[in-house]
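Quick note, the sequences are listed as chains Z and C, same order. At position 135 of the first sequence (counting the first as 1) the number is 135 in this note's numbering, and the numbers step up by one without a gap. At position 185 of the second sequence (counting the first as 1) the number is 332 in this note's numbering, and the numbers step up by one without a gap. Glycine is no exception: its CB is placed at the ideal position from the N, C-alpha and C atoms.
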Amino acid sequence: MRLRGSHRFAAPIARVWGALMNPQVIARLLPGVERLEPVGDNVYEAEMRLGIGPISGHYQARITLSEIDPPNHYRLRIQAQGPQGAVDANGTVDLTAQEDGTVMHYEGEAVVTGLLMSMGARLLEPVAQMLIQQGLKALEGLLDTPS
Amino acid sequence: MATRYFGVAMKRREDPRFIAGRGTYVDDLTLPGLTYAAMVRSPYAHARIKAIHTDKARQHPGVIAVFTGRDMVESGVKSLPCGWLLPGMKLPPHYPMAVDKVRHVGEIVAVVIAEDRYVAEDAAALVEVEYEPLPAVADAEKALQPGAPAVHDEAPDNVCFRWSIGDAEKTEEAFRRAHRTVRLHLVNQRLIPNAIEPRAAMAQYNPATDEYTLWVTSQNPHVHRLLMAAFVLGIPEHKLRVISPDVGGGFGSKIFVYPEETIVTWAAKRVGRPVKWTARRRESFVSDAHGRDHITEAELAVDERGKILGLRVRTIANLGAYLSTFAPAIPTYLYGTLLSGQYEIPAISCEVTGVFTHTTPVDAYRGAGRPEATYVVERLMDRMARELGEDPAEFRRKNFIPPDKFPYQTPVALQYDSGNYEGALNKALEMINYKELRRQQEELRRQGRYIGIGLSCYIEACGIAPSQVVGSLGAQAGLWESALVRVHPTGKVTVYTGTHAHGQGHETAFAQIVADELGIPIEDVEIVHGDTGSVPFGMGTYGSRSAPVGGSAIVLSLQKIKEKARKIAAHLLEAAEEDVVFEDGKFYVRGVPDRFKTWGEVALQAYLAHNYPPGLEPGLEASSFYDPKNFTFPFGTHIAVVEVDPETGKVKILRYVAVDDAGRIINPLIAEGQVHGGIAQGVGQALLEGAVYDENAQLLSASLLDYALPRADDLPAFEIDHTVTPCPHNPLGVKGIGETGTIAATAAVVNAVMDALAPFGIHHLDMPLTPQKIWKAIQAARAA
């Protein structure tokens, strides 16, 4: 499954970048995160609860940030495994500063296996899009809140 | 003897218990102390198992044990065997649970045994498997490309076998002097069986006697016992009893020895309590052996008169990740040998490449090779008729093997014993009113309605035999059948058949044979099957063998019984044995029918032995092992009439006519039911069904939400009739009818749809012919 899209934030690039690099923020952006802790440089382990169609369950996830080029670019990999299957999502996030805000462009690919795929395939893409939109909305909310 | 039951459309004796919910299926059974197994299955099509953490699952309340593939192998459990070997084929091991690597989605990596099923499934979710995902390939053509991920180290190019039949040189020569040739690229898509009852197994170990009992959804309990005991678990064969009670449909998928029954049998001893497993439907989708999955290049050559000169076929057969029990036989000896169809084809050449992929294993599914062969032949016949501008019925007729040429030796090993193909064709054409129908088709086309008429003139080879021949072809088993007939002192009769019924109505059809032969009421006959503890070794039911092989074995035993009973009767009548006649359940001296001994009196005397022929053993029972001289060769013509809606691409089947020749029919009602079910499955493949894997070899059509089985409103009322050409070499003159519908229907429906689409210049579309596929083709044709 390929995922790509763009989103515009009113906040300046430094603020967006700062939020994206903050583990507390990441935990609130990703869906169903129940626990997230750093286990190394830019590597986190998380417990997530995910549901797609009839298939839901707890997933152990490993989140890795790489190719970090502040404040413009990084690569994000999320490897989640649970009893119903596994997700391996790998993609890039690019930020571009604009006069009145920041444009984010994301692009990546997710490999989904197990029941999650076999039972949920038809719902997978809309659900992924929805989760991304939810995450971006949450980020917008955080950026609006004065820190 | 007057026939009272044979040929009568009796209602099935077993139906009241099935209809009223009083059948006993494996999942209905329980035992004191029963535990439940849940399988942990791989979500990956191909991955290395780095570690399996079972602690959390073990600690879960109610869990009794957790085992992995390593536990089984270390305790001496061997690979599941393959029961058909081809020269030079690769035979990588297939352990009941994966060791080190998984090779298809759904492969078992661990089993949890718990106090109840829900606890077992909850705990199965707690088993943590560390996988290292590896690249996977689901498509057989892609698996053959250089650099494709290898399924097994033993077969780095993913080729399991290369097999051929026929005469390649002679076929080349035929094509060189051909007047016209046609070529088709045909995908015979993968199907998922979906018997109504999911597979299930329950095993018990008795430490006092060191005996195991396994209740399993098997089409062939003795084969299960032999393979599991001797090859997998190392249990002495006499210490394993396999019982296959009521089974709700098999279609081939319950022939094979699967991991699950070996796991529960092995685990029952380890945990010291009986263990049961019943598949959930979503487990069935990834673990029941799939069917078909061929990619074929096929060419047909004719001379100036439109007579066939040659047929050339190259097939890539997807075998899945492991070799299921009879997998190698299906795309070879049950496929290549059928490519002559009903036709005189002087030269045939067929090459088959069996390929490993990261998918669920593929094996026999109703028809097993023969629907694939029929599809190739009958699609080509239609394509060629169109190419020549001839009527498809007349083109077939011209190329039929004429009735005076039987026995007919085909160029692909089989010798057809009998046949009257034109008889069946004519009857089917008459039933559908063919000439008038063609006229209507023309007229409706002018009104913008697209009607299509599709023929399928099929041949089937069933009751596969004799043992010596199948042995020489690679079968690791004989294909005879057994029957033990036991007459009780009161004259009641119990028949133990080595075949197994899982929807075929043996308890009725076989009882009809017995009641007629002995001249007794059918109520006095009981048919017993499916228990290695009571039934003599038998080969089970598949390949439409029960009536021709199993039924014949019963007849042989009945002949022995009657012979002995006549000796006893002659003694009681104080007559010479050869003067005693047995008719309508009475023994009398020829010409003196008023002075007789009844069947019951003779049976009683066999056990009293008070007034008894000197030197004759008491008792009245006989067993037989019948090994047929040849296959039987059912044939027929099916005609489908469809209408395609050009705006939606939807196909509606308007009429369906089936004329089958299965020899003498024991019970027309059962025979018709078999034809109905078979056609439904054939239509399912033509229009609806298909297993879909994604590029990571994940099965996407893994539930009944995404895998479309035919429903009642997809099917018309079938119009069914028969011609009767008795099988010349078995005592009943019967052939098989269990698979004819599936073998014929797929090609008939696809031919009909292609006929309907002919005005658009569309020559071929691959199955399933979904509205989307047809609509797109029509759009493309209109745009061109």
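Step through the CB atoms of chain Z and report whether any lies within less than 8 Å of the CB of R459(C).
To locate residue 459(C), count along the second sequence from 1; it is residue 312. Not one chain Z Cβ lies under 8 Å of R459(C).
Please specify which runs of the alpha helix (DSSP H), each continuous and at least 4 residues long, are wholly inside the segment 500 to 544 of chain C, giving them in chain order.
517 to 535
Per-residue DSSP class, three states only, for W231(C)
Your numbering for residue 231(C) matches position 84 in the second sequence. It is a strand residue.
Flag A270(C) as yes if its beta-carbon sits less than 8 Å from any beta-carbon of chain Z, otherwise no.
Position 123 of the second sequence, counting from 1, holds the residue named residue 270(C). Closer than 8 Å: no.
Are the C-beta atoms of Q845(C) and some chain Z residue less than 8 Å apart?
Here residue 845(C) corresponds to residue number 698 of the second sequence, with the count starting at 1. Taking Cβ atoms only, chain Z reaches closer than 8 Å to Q845(C), which makes this a yes.
When you compare each of K923(C), Q594(C), N877(C) and H371(C) to S699(C) by their alpha carbons, which one comes out closest?
In the second sequence, counting from the first residue as 1, residue 699(C) sits at position 552. Answer by Cα proximity: N877(C).
Specify the secondary structure class of P815(C) as computed by DSSP and reduced to three states.
Locating residue 815(C) in the second sequence gives position 668, where the first residue counts as 1. Helix.
Smallest Cα separation from D741(C): which of Y754(C), V727(C), A753(C) and G638(C)?
Residue mapping note: residue 741(C) aligns to position 594 of the second sequence, counting from 1. When only C-alpha atoms are compared, the closest one is V727(C).
8 Å is my cut-off, CB to CB: does M119(Z) come that close to chain C?
Translated into positions along the first sequence, residue 119(Z) becomes position 119. Yes - at least one Cβ of chain C is within 8 Å of the one on M119(Z).
Please report the residue range of the alpha helix (DSSP H) in which Y44(Z) lies.
Here residue 44(Z) refers to the residue found at position 44 when the first sequence is read from its first residue. Note, Y44(Z): premise wrong, no alpha helix (DSSP H); beta strand (DSSP E) at V43 to I52.
Mind listing which residues of the segment 70 to 88 of chain Z have their C-beta closer than 9 Å to chain C's C-betas, in chain order?
Q81, G82, P83, Q84, G85, A86 and D88
Which residue comes first and which comes last in the alpha helix (DSSP H) that contains H934(C)?
Outside the shown range of chain C, which is 148 to 931, sits residue 934(C), and nothing can be said about it.
Is there a Cβ of chain Z sitting closer than 8 Å to that of Y191(C), yes or no?
Position 44 of the second sequence, counting from 1, holds the residue named residue 191(C). At least one chain Z Cβ lies under 8 Å of Y191(C).
Put M148(C) into one of helix, strand or coil per three-state DSSP.
As a first step, residue 148(C) must be located in the second sequence, where it is residue number 1. In this prediction, M148(C) has a pLDDT of 46, which is less than 50 and means its spatial position is unreliable; nothing more can be read from the coordinates.
Please state the DSSP three-state secondary structure of R417(C).
As a first step, residue 417(C) must be located in the second sequence, where it is residue number 270. DSSP places R417(C) in helix when its eight states are reduced to three.
Just list the residues that DSSP pairs G32(Z) with in beta bridges.
Along the first sequence, one-based indexing puts residue 32(Z) at 32. Its beta-bridge partners do not exist; DSSP assigns none.
Can you find the residues in the same chain that come closer than 8 Å, C-beta to C-beta, to I132(Z), ignoring five residues on each side of it along the sequence?
Walking along the first sequence from the start, residue 132(Z) turns up at place 132. So the qualifying residues of the chain are L3, G5 and Y106.
Looking at the secondary structure, which residues open and close the beta strand (DSSP E) in which F782(C) lies?
Sequence index remark: in the second sequence, residue 782(C) carries index 635 (1-based). Segment F782 to V791, the beta strand (DSSP E) holding F782(C).
The segment 154 to 165 of chain C: positions lying closer than 8 Å to chain Z by Cβ:
none
State the Cα-Cα distance for the pair Y689(C) and G399(C), rounded to the nearest angstrom.
In the second sequence, residue 689(C) corresponds to position 542, counting from 1. In the second sequence, residue 399(C) corresponds to position 252, counting from 1. So the two alpha carbons sit approximately 6 Å from each other.
Give the straight-line distance between the Cα atoms of F778(C) and L447(C), rounded to the nearest whole angstrom.
As a working mapping, residue 778(C) is identified with position 631 in the second sequence. As a working mapping, residue 447(C) is identified with position 300 in the second sequence. Computed Cα separation, rounded: 26 Å.
Nearest to L584(C) (by Cα), restricted to the options A511(C), V259(C), I442(C) and V788(C)
Along the second sequence, read from residue 1 onward, the residue named residue 584(C) stands at position 437. Checked all of A511(C), V259(C), I442(C) and V788(C); the closest Cα to L584(C) is V788(C).
Taking DSSP as the reference, what is the three-state secondary structure of T412(C)?
As a position in the second sequence, residue 412(C) is number 265, starting the count at 1. Residue state, collapsed to three classes: helix.
Which same chain residues end up closer than 7 Å to G32(Z) when comparing Cβ atoms and leaving out the 5 residues on each side of it in sequence?
Start at 1 with the first residue of the first sequence, and residue 32(Z) comes out as number 32. Answer for G32(Z): M48, R49 and L50, listed in chain order.
Any contact between the segment 185 to 202 of chain C and the segment 239 to 258 of chain C? By contact I mean 3 or more CB pairs, one from each, below 8 Å.
yes
Terminal residues of the alpha helix (DSSP H) in which L904(C) lies
The residue given as residue 904(C) occupies position 757 in the second sequence. L904(C) -> alpha helix (DSSP H) spans T887 to L904.
Which of the three DSSP states is assigned to R336(C) in this structure?
Working through the second sequence from its first residue, we reach residue 336(C) at position 189. The residue you asked about is not Arg; residue 336(C) is Gln in the sequence shown. Reduced to three states, the DSSP call for Q336(C) is strand.
For Y597(C) versus P368(C), is the C-beta distance shorter than 8 Å?
The residue you call residue 597(C) lines up with position 450 of the second sequence. The residue you call residue 368(C) lines up with position 221 of the second sequence. In this structure, P368(C) does not lie closer than 8 Å to Y597(C) by Cβ.
Is K158(C) helix, strand or coil by DSSP?
On the second sequence, position 11 is the one that residue 158(C) refers to. K158(C) falls in the coil class under three-state DSSP.
Nearest-angstrom beta carbon gap, V499(C) and G483(C) [assumed within contact, 8 Å]
Translated into positions along the second sequence, residue 483(C) becomes position 336. Translated into positions along the second sequence, residue 499(C) becomes position 352. Going by Cβ atoms, the distance from G483(C) to V499(C) rounds to 6 Å, so yes, they are a contact pair.
Please confirm if the segment 369 to 376 of chain C is in contact with the segment 693 to 708 of chain C, defined as three or more CB-CB distances below 8 Å between the two stretches.
no
Taking the beta carbon of V559(C) as the centre, do at least 16 other beta carbons fall within 10 Å, making it buried, or is it exposed?
Numbered from 1 along the second sequence, position 412 holds the residue referred to as residue 559(C). Counting Cβ neighbours within 10 Å, V559(C) comes out buried, since at least 16 surround it.
Boundaries of the beta strand (DSSP E) in which N938(C) is found, first to last residue:
Outside the displayed span of chain C (148 to 931) sits residue 938(C), for which this structure offers no information.
Ends of the beta strand (DSSP E) at I68(Z)?
Position 68 of the first sequence, counted from the first residue, corresponds to residue 68(Z). Element bounds for I68(Z): I55 to D69.
Do the CB positions of A267(C) and V259(C) come within less than 8 Å of each other?
The sequence position of residue 267(C) within the second sequence is 120, counting from 1. The sequence position of residue 259(C) within the second sequence is 112, counting from 1. Yes.
Assumed close pair V220(C), Y242(C) - CB separation to whole angstroms, cut-off 8 Å:
In the second sequence, the residue the question calls residue 220(C) occupies position 73. In the second sequence, the residue the question calls residue 242(C) occupies position 95. V220(C) to Y242(C), Cβ: 6 Å. Contact.
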